[in-house]
Amino acid sequence: SQTIHQWPATLVQPVGSPLSLECTVEGTSNPNLYWYRQAAGRGLQLLFYSVGIGQISSEVPQNLSASRPQDRQFILSSKKLLLSDSGFYLCAWSRQHKAEAFFGQGTRLTVV
Amino acid sequence: KNEVEQSPQNLTAQEGEFITINCSYSVGISALHWLQQHPGGGIVSLFMLSSGKKKHGRLIATINIQEKHSSLHITASHPRDSAVYICAVYPGGGADGLTFGKGTHLIIQP
Chain A
41 SQTIHQWPAT LVQPVGSPLS LECTVEGTSN PNLYWYRQAA GRGLQLLFYS VGIGQISSEV
101 PQNLSASRPQ DRQFILSSKK LLLSDSGFYL CAWSRQHKAE AFFGQGTRLT VV
Chain B
271 KNEVEQSPQN LTAQEGEFIT INCSYSVGIS ALHWLQQHPG GGIVSLFMLS SGKKKHGRLI
331 ATINIQEKHS SLHITASHPR DSAVYICAVY PGGGADGLTF GKGTHLIIQP
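Next comes the structure, spelled out in structure tokens:
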């Protein structure tokens, strides 16, 4: 069966520090991978998606970047965190051209 | 870009009440998801539907594609149903991901 792992679950980081959130998928190959963010009082917003290794599409300009070094690994990064980067980050995957989506447990990031 | 609106934003009800949460979207879609998010943040997929109605236990989801509207119903609500319920739409075709509503914060009081 397919599973998705996202870590850490919670993270408190100082302003200006780097960030690395990791998401891995098991039990499938060539998934579409997604990073979403939920800021306080707002709905989940798509940040990045990837249809294959090294292929990253960004939906909104921001202080973050994403990478896909392996087929089932998706990493969200920042070189220097801002206070506005605080929020709930969610990784998800889907099969190519399919509507069904599978979600990680999310990471609650607080930048202080 | 699809605009997804949920109502109500907040809902407090007594145990046993019938609950309805609504979702409207502006652009035609391929599928719609109803998700549940508990205080810890983790998201659980409740339903994915493209037409008609689906039922799972005390939960019922309906969608009207022509009217671009979906509802989530909870029968015989229970305090453990307290959570944020999120509607998300899938446009179809490419890999553009889901567009989410802001969620409905539901509290069921004993």
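Protein sequences, first through last, are from chains A and B. First residue of the first sequence: 41, per my numbering; consecutive thereafter. First residue of the second sequence: 271, per my numbering; consecutive thereafter. Every residue gets a Cβ at the ideal spot worked out from N, C-alpha and C, and that includes glycine.
- Task: For Arg350 of chain B, count neighbouring C-beta atoms within 10 Å of its own C-beta (all shown protein chains included) and say buried if the count is 16 or more, exposed if not.
- Result: If you number the second sequence from 1, residue 350 of chain B lands on position 80. Residue environment for Arg350 of chain B: exposed (fewer than 16 other C-beta atoms within 10 angstroms of its C-beta).
- Item | For Leu302 of chain B, the residue or residues it bridges with in DSSP | Indexing the second sequence from 1 puts residue 302 of chain B at position 32. Answer is B:Leu319, B:Val359.
- Query: Does the region 358-376 of chain B come close enough to the region 299-308 of chain B to have 3 or more Cβ pairs within less than 8 Å?
  - Reply: yes
- Query: Along chain A, in chain order, which residues have C-beta atoms closer than 9 Å to that of His375 of chain B?
  - Reply: In the second sequence, the residue the question calls residue 375 of chain B occupies position 105. Ordered by position in chain A, no residue passes the 9 Å Cβ test against His375 of chain B, which lies about 11 Å from the chain.
- Item | DSSP-derived helix/strand/coil call for Leu104 of chain A | For the purposes of this step, residue 104 of chain A is taken as the residue at position 64 of the first sequence. Coil, per DSSP.
- Message: Alpha carbons only, please: which of B:Leu319, B:Ala358, B:Ala353 is nearest the one belonging to Asn334 of chain B?
- Response: Here residue 334 of chain B corresponds to residue number 64 of the second sequence, with the count starting at 1. Of the listed residues, the one whose Cα sits closest to Asn334 of chain B is B:Leu319.
- Message: I need the straight-line Cα distance from Thr282 of chain B to Arg82 of chain A, nearest angstrom please.
- Response: As a first step, residue 282 of chain B is located in the second sequence; it is residue number 12 there, counting from the start. As a first step, residue 82 of chain A is located in the first sequence; it is residue number 42 there, counting from the start. Answer to the nearest angstrom: the Cα atoms are 20 Å apart.
- Message: Would you call the region 275-290 of chain B in contact with the region 105-125 of chain A, where contact means no fewer than 3 C-beta pairs closer than 8 Å?
- Response: no
- How would you call Pro309 of chain B, buried or exposed, if buried means at least 16 neighbouring beta carbons within 10 angstroms? In the second sequence, counting from the first residue as 1, residue 309 of chain B sits at position 39. Exposed.
- Do you know offhand how far Val55 of chain A's Cα is from Val152 of chain A's? On the first sequence, position 15 is the one that residue 55 of chain A refers to. On the first sequence, position 112 is the one that residue 152 of chain A refers to. Rounded to the nearest angstrom, the two C-alpha atoms are 6 Å apart.
- Query: What residues from chain B crowd round Gln53 of chain A, counting only those whose CB sits closer than 8 Å?
  - Reply: Residue 53 of chain A sits at position 13 when you count from the first residue of the first sequence. Correct list: empty, because the minimum Cβ distance to chain B is about 17 Å.
- To the nearest angstrom, how far is it from the Cα of Phe143 of chain A to the Cα of Thr64 of chain A? In the first sequence, the residue the question calls residue 143 of chain A occupies position 103. In the first sequence, the residue the question calls residue 64 of chain A occupies position 24. Whole-angstrom Cα-Cα distance: 11 Å.
- Item | Bridge partner(s) assigned by DSSP for Gln276 of chain B | Translated into the one-based positions of the second sequence, residue 276 of chain B becomes position 6. Residue pairing of Gln276 of chain B in beta bridges, as defined by DSSP: B:Cys293.
- Query: Does any C-beta atom of chain B lie closer than 9 Å to the C-beta of Thr108 of chain A?
  - Reply: Your numbering for residue 108 of chain A matches position 68 in the first sequence. It is Arg, not Thr, that sits at residue 108 of chain A in the sequence shown. No, its Cβ sits nowhere closer than 9 Å to a Cβ of chain B.
- Message: Would Ile289 of chain B and Ser340 of chain B be called neighbours here (beta carbons separated by less than 9 Å)?
- Response: Position 19 of the second sequence holds residue 289 of chain B. Position 70 of the second sequence holds residue 340 of chain B. Taking 9 Å as the Cβ cut-off, Ile289 of chain B and Ser340 of chain B do not qualify as a contacting pair.
- Task: Please decide whether Gly94 of chain A counts as near chain B, where near means a Cβ-Cβ distance under 9 Å.
- Result: Locating residue 94 of chain A in the first sequence gives position 54, where the first residue counts as 1. Judged by the 9 Å Cβ criterion, Gly94 of chain A is not in contact with chain B.
- Item | chain A contact for Ala331 of chain B (CB, 9 Å cutoff) | Counting from one through the second sequence, the residue named residue 331 of chain B turns up at place 61. Not an interface residue.
- Message: Going by DSSP, what residue range makes up the beta strand (DSSP E) through Leu368 of chain B?
- Response: Residue numbering aside, residue 368 of chain B sits at position 98 when the second sequence is read from its first letter. Note, Leu368 of chain B: premise wrong, no beta strand (DSSP E); not H, not E.
- Within chain B, partners of Leu130 of chain A - CB distance below 7 Å: By one-based count along the first sequence, residue 130 of chain A stands at place 90. Near Leu130 of chain A (Cβ distances below 7 Å), the residues of chain B are Ile313.
- Which residues in the same chain have their Cβ closer than 6 Å to the Cβ of Gly373 of chain B, if we skip the five residues on either side of it in sequence? As a working note, residue 373 of chain B is residue 103 in the second sequence. The residues are Val354, Ile356.
- Query: Can you list the residues of chain A that Lys389 of chain B reaches, using a CB-CB cut of under 9 Å?
  - Reply: Because chain B here runs from 271 to 380, residue 389 of chain B falls outside it and cannot be looked at.
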